[in-house]
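Participant: This is the structure I have questions about; it appears just below.
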Amino acid sequence: MKLSVISEFLAANGFPNEIEGDSGVTIRAANTLEDAGEGDISFLANPKYTDLLCKTRASVVIVKPDVDMPNGKTTIRCADPYAAITATMIRLHGHREHPRWDRDEHAIIAPTATIGSDANIGPFVTIGENVRVGSNATIYPGCFVAENVNIGDDVTLFPNVVIYDGSRLGDRVTIHAGSVIGEDGLGYAPVDDKWLKIPQVGRVVIEDDVEIGACCAFNRATLGETLIGAGTKFSDSVVVGHGTKIGEHCMIVAQVGIAGSTRIGHHVTLAGQAGISGHLTIGDRARVGAQSGVMNDLEPGADYLGFPATESARFRRQLSLVRKLPEMKQHLVDLESEVQRLREQLENHVDARP
Amino acid sequence: MKLSVISEFLAANGFPNEIEGDSGVTIRAANTLEDAGEGDISFLANPKYTDLLCKTRASVVIVKPDVDMPNGKTTIRCADPYAAITATMIRLHGHREHPRWDRDEHAIIAPTATIGSDANIGPFVTIGENVRVGSNATIYPGCFVAENVNIGDDVTLFPNVVIYDGSRLGDRVTIHAGSVIGEDGLGYAPVDDKWLKIPQVGRVVIEDDVEIGACCAFNRATLGETLIGAGTKFSDSVVVGHGTKIGEHCMIVAQVGIAGSTRIGHHVTLAGQAGISGHLTIGDRARVGAQSGVMNDLEPGADYLGFPATESARFRRQLSLVRKLPEMKQHLVDLESEVQRLREQLENHVDARP
Amino acid sequence: MKLSVISEFLAANGFPNEIEGDSGVTIRAANTLEDAGEGDISFLANPKYTDLLCKTRASVVIVKPDVDMPNGKTTIRCADPYAAITATMIRLHGHREHPRWDRDEHAIIAPTATIGSDANIGPFVTIGENVRVGSNATIYPGCFVAENVNIGDDVTLFPNVVIYDGSRLGDRVTIHAGSVIGEDGLGYAPVDDKWLKIPQVGRVVIEDDVEIGACCAFNRATLGETLIGAGTKFSDSVVVGHGTKIGEHCMIVAQVGIAGSTRIGHHVTLAGQAGISGHLTIGDRARVGAQSGVMNDLEPGADYLGFPATESARFRRQLSLVRKLPEMKQHLVDLESEVQRLREQLENHVDARP
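Protein chains in written order, with our numbering: chain A, 1 to 354; chain B, 355 to 708; chain C, 709 to 1062.
Have a look at this one:
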């Protein structure tokens, strides 16, 4: 594909850009600065990698307008190189094409299930009574879809995904391998020093365009719904507790755990291994740093860090003081010596009085 | 179901209670205060939600004897509303009914396996040589039960659960989808700067009435047994190391990790994302807070928090002092200025002596 | 097996040793000091368990040359008892023998796949187009191997493992149940306040002799490769981000999370629940303690602990000072009183001057 074609595609998709150099060069693939070779297009978004501009063998690099480009290499200058390389990759590589099973003869589909047109259901899949699968949905081998589940159009379930009874998935939901949606949460009442199981009669509702990584576990609500808002994305091994409601377009990184009955706003970021207690309210566009432990409600739009999660600037101040504790301790010891000297001086002076 | 029937059921099951209002009202379902409508019964256990009493559209609410009920809404007063709503839900909704497969023709069961009466084994299940499955056990599609495994009566394995060779599960054990029991632990000896694998020849033993969430991984012992005591409950994504022994009726929240060769007492609570080092002893009824990192033995009955896990009251005291470090630092600076002033005053005074 | 045979086997395999006591005793099995009985061989490597030497019913114990052995029990003295018991266990018990399926008739193998001699493929396995499976590989039931995957010789995939398209596994790689290799990472560009998915066109490459625990999730690279070096071992529920490169012979404990584009050296140890940020460089033989949160590059060969991860000795010093904050605060208060007394004394003195 000629570079000029990519440039025009970007411009047409909302990324105005300018080519510096040879607009006729042929691009075969996108790649990282480090691994790119002849015929590859690459990009620089994180300034940490600026040094690689001198070394890369990429034929073209997408950079911001103000980046100094060494060696007169061909560039596309664009305000958002990260979004532009994304669009370029979609144009060059497209998204994954699924194998085609139609309705594989080794899938077991209950007679009362309704399967949409062009649905693609692999072998060793089990689909329960009264399930509805939308059109053009792909269900990979080994998935289990329990009774009364509703799956929208263009949904993809990768292999060995398990959807418990009554769950609802919107359109274009993607769930990666091994994830489990709608299992019972940890609901028990203490009776006579034992745990009495609380029937978990709620369900999970996942809105449109949600993507969920591998090995995640989203609990059904005890009563009512566990809700995942449209467009929210999850990495791997995330656990969501029963009855929790997550807003739209959030970004939830790997190994995050969110306890039950918590409300998370829209466009919230939870970084890796962060934990959120139950029965909290997290404001829209709040950002929680990696490994933070959230024990209280969080304000919208603010950054939090640490255990317990604290407004980030304040946490960093505390942390820098903790790191200076050895000096602070020495300061205290020195000051005590000084006071001791003063006392002796004063006493000597007083004693010395005639 | 008439409210009077629920009230009598509760009383008969150890929850004495009193109806205030219309005992003839018909109850269809249990629900949260927030989501309940006409015909629903709800409950108030967590005082945080008291404000919802004014707004709920539930027909009946279960509350403690001393709660002020606005609007003359019908209530059941009971000492433990949480246990009472649990019993009510069991009466109204019952527990999940499993699909009925009997011995599905698409399950592969070794000829030497012994399958109990009324066992319910789904398609795409593999059961190995010399396995014993108890009566009335349900094994969902996609499960794998390796050779020499012993599964008790009334056990439920949800889809895609994997039980490695030689594991033993008691009666009424429930394991949610995607969990793995009995895989090899991280056992290697360093030899010549490489890792030499130690054969993992022990097993996992899970006693009666244990429930395990989704995507958990319980390592077999290197030698001897990894043991899970009767009635203990686990949420999702919990990892238990090789040779660890957990007592009865513990509550282990999501994403907890317990390293190998640790002994955990009975009725211990480990909150979400807590980590327990190996070769430790955790006392009965100890409670470990979320994200805590336990590096030492813990006393029975005490509360612990933080990294490394510290007795909670002490940890909170330390934490409040860390938060006051900026003031403490200022205090130190002020005091130094004061000492400086004193010194000058003293020196001036001494110098001024005649 | 006679003890003399074990002793000779150890000597022949690089573990010189000496028997004290009855070299003709018959050994049936290896076991822990605590659980061993008549006919068992055990070992003492961790001094914490020295007291068990008096109580064990093991017939023979492997100990270091300098350990005092009570009761004249038969011992093997050897410099590295942990490696020696490992070798003994391999000799006595061997490693797990897999069930034998050959090419099970219930496996679905694409016609373009190449399956090596003696490969052992269980029921309900799906193998995609252009897959290559090496000789003597074992693929347990329920596994999914997507198109264009390359699996080496003597590989073992335990049940329900999922390998995404294009992944490469070297020889003797072992992956435990439920793990997922090569799923899409969390790659999205923010466009118009929504997340635009970045095609994940890279792959995962796993070198020879890697062992991976249960329920792990290793992301494919966005571009290029996620790389796992030869001989590296992982416990359960580990997540590896897209494009991360891990060196040889590392030891990665359960629930560790490593974000994307990080480079980890060889022989690195990451203890349980540790988290590593993206785009970092971790030096060879660095050791990161449990639950640590690594936010910066780490030096080779050093020990790190805490959040954010700090050189261990420094972290312990900070921690001990945090624990002494109550005393430090009291010290400050006392010093202030002393200064106050001095001031009064000085003022009185000055005032008292004639």
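The beta-carbon is built from N, C-alpha and C at its ideal position, and this holds for glycine as well.
#1: How long is the line joining the alpha carbons of T970/C and A271/A, rounded to whole angstroms?
#2: Taking D118/A as the reference, which of K64/A, D102/A and Q345/A has the closest Cα?
#3: Give the straight-line distance between the Cα atoms of P662/B and H603/B, rounded to the nearest whole angstrom.
#4: May I have a chain-ordered list of the beta strand (DSSP E) segments no shorter than 3 residues that lie completely inside the region 414-467 of chain B?
#5: For G257/A, which beta-bridge partners are listed by DSSP?
#6: If the cut-off is 7 Å on Cβ atoms, which residues from the region 218-234 of chain A count as contacting chain C, listed in chain order?
#7: For I181/A versus Y164/A, is the C-beta spacing smaller than 8 Å?
#8: Measure from the alpha carbon of K48/A to the alpha carbon of each residue in V238/A, E311/A, A58/A and L33/A, then state which is nearest.
#9: Which residue marks the beginning of the alpha helix (DSSP H) containing A189/A, and which one marks its end?
#10: Just confirm the distance between the C-beta atoms of K683/B and M328/A, as a whole number of angstroms; I'd bet it's less than 8 Å.
#11: What residues in the region 590-619 of chain B bring their beta carbon closer than 8 Å to a beta carbon of chain A?
#12: What would DSSP say about K678/B, mapped onto helix, strand or coil?
#13: If contacts are defined as beta-carbon pairs under 8 Å, then L1006/C and G991/C qualify, I think. What distance do you get, rounded to the angstrom?
#14: If you run the structure through DSSP and keep just helix, strand and coil, what is Y403/B?
#15: Based on the DSSP secondary-structure assignment, which residues constitute the bridge partners of G231/A?
#16: Let me make sure I understand the geometry here. Which of A399/B, K409/B, V515/B and L407/B has the alpha-carbon closest to that of K418/B?
#17: Quick one: Cα of G878/C to Cα of I823/C, how far?
#18: What residues from chain B crowd round L335/A, counting only those whose CB sits closer than 8 Å?
#19: So L550/B is in the beta strand (DSSP E); what residue range does that whole segment cover?
#20: Beta-carbon separation of I462/B and G476/B under 8 Å?
#21: Would you call A667/B buried or exposed, if buried means 16 or more other Cβ atoms sit within 10 Å of its Cβ?
#22: Verify the CB distance criterion: does H703/B have a CB-CB separation below 8 Å to chain C?
#23: Which whole-angstrom value describes the C-beta separation of V947/C and A11/A, a residue pair presumed to lie in contact below a C-beta threshold of 8 Å?
#24: Mind listing which residues of the region 997-1020 of chain C have their C-beta closer than 7 Å to chain A's C-betas, in chain order?
#25: Hey, quick one: how far does the alpha helix (DSSP H) through L3/A stretch, first residue to last?
#26: Find the nearest neighbour of S631/B within the set I618/B, V622/B, T623/B and R641/B, judged by alpha-carbon distance.
#27: Where do the ends of the beta strand (DSSP E) carrying A217/A lie?
#28: By the three-class DSSP mapping on this structure, what secondary structure does F315/A have?
#29: Using CA coordinates, which residue listed in G247/A, D184/A, D66/A and H176/A is at the minimum distance from K902/C?
#30: In the DSSP assignment, the beta strand (DSSP E) including E20/A goes from what residue to what residue?
#31: Rounded to the nearest angstrom, what separates V204/A and L227/A at their Cα positions?
#32: In this structure, how does DSSP classify A119/A when only helix, strand and coil are distinguished?
#33: What are the boundary residues of the beta strand (DSSP E) that R911/C is part of?
#34: 8 Å is my cut-off, CB to CB: does N385/B come that close to chain C?
#35: For T126/A and chain B, any beta-carbon pair shorter than 8 Å?
#36: Rounded to whole angstroms, what is the Cα-Cα separation between T623/B and A640/B?
Facilitator: On the basis of the coordinates in this document:
#1: 16 Å
#2: D102/A
#3: 25 Å
#4: Entirely contained in the region 414-467 of chain B, the beta strand (DSSP E) runs reaching 3 residues are, in chain order, 414-417 and 428-432.
#5: DSSP, once it has assigned bridges, lists V239/A and G275/A as partnering G257/A.
#6: Going along the region 218-234 of chain A in chain order, one finds G231 and K233 with a Cβ nearer than 7 Å to chain C.
#7: yes
#8: Out of V238/A, E311/A, A58/A and L33/A, the CA that lies nearest to the CA of K48/A is found in L33/A.
#9: Per DSSP, A189/A belongs to no alpha helix (DSSP H); it is in the beta strand (DSSP E), Y188 to V191.
#10: That pair is a contact at about 7 Å.
#11: D590, S591, H603, M605, V607, A608 and Q609: these are the residues of the region 590-619 of chain B whose beta carbon lies less than 8 Å from some beta carbon of chain A, given in chain order.
#12: coil
#13: Going by Cβ atoms, the distance from L1006/C to G991/C rounds to 6 Å, so yes, they are a contact pair.
#14: Residue state, collapsed to three classes: helix.
#15: Partner(s): none; G231/A has no beta bridge.
#16: A399/B
#17: 15 Å
#18: The answer, in chain order, is L686, L689, E690 and V693.
#19: K548 to K551
#20: no
#21: exposed
#22: yes
#23: Actually they are not in contact, since the Cβ atoms of V947/C and A11/A sit about 38 Å apart, beyond 8 Å.
#24: Within the region 997-1020 of chain C, the qualifying residues are G1001 and F1015.
#25: Judged by DSSP secondary structure, L3/A falls within the alpha helix (DSSP H) whose first and last residues are L3 to A12.
#26: For the residues I618/B, V622/B, T623/B and R641/B, the minimum Cα distance to S631/B belongs to I618/B.
#27: Here the beta strand (DSSP E) through A217/A covers A217 to N219.
#28: In this structure, F315/A counts as helix in the three-state DSSP scheme.
#29: G247/A
#30: N17 to E20
#31: 6 Å
#32: coil
#33: R911 to I914
#34: So, not an interface residue.
#35: yes
#36: 6 Å
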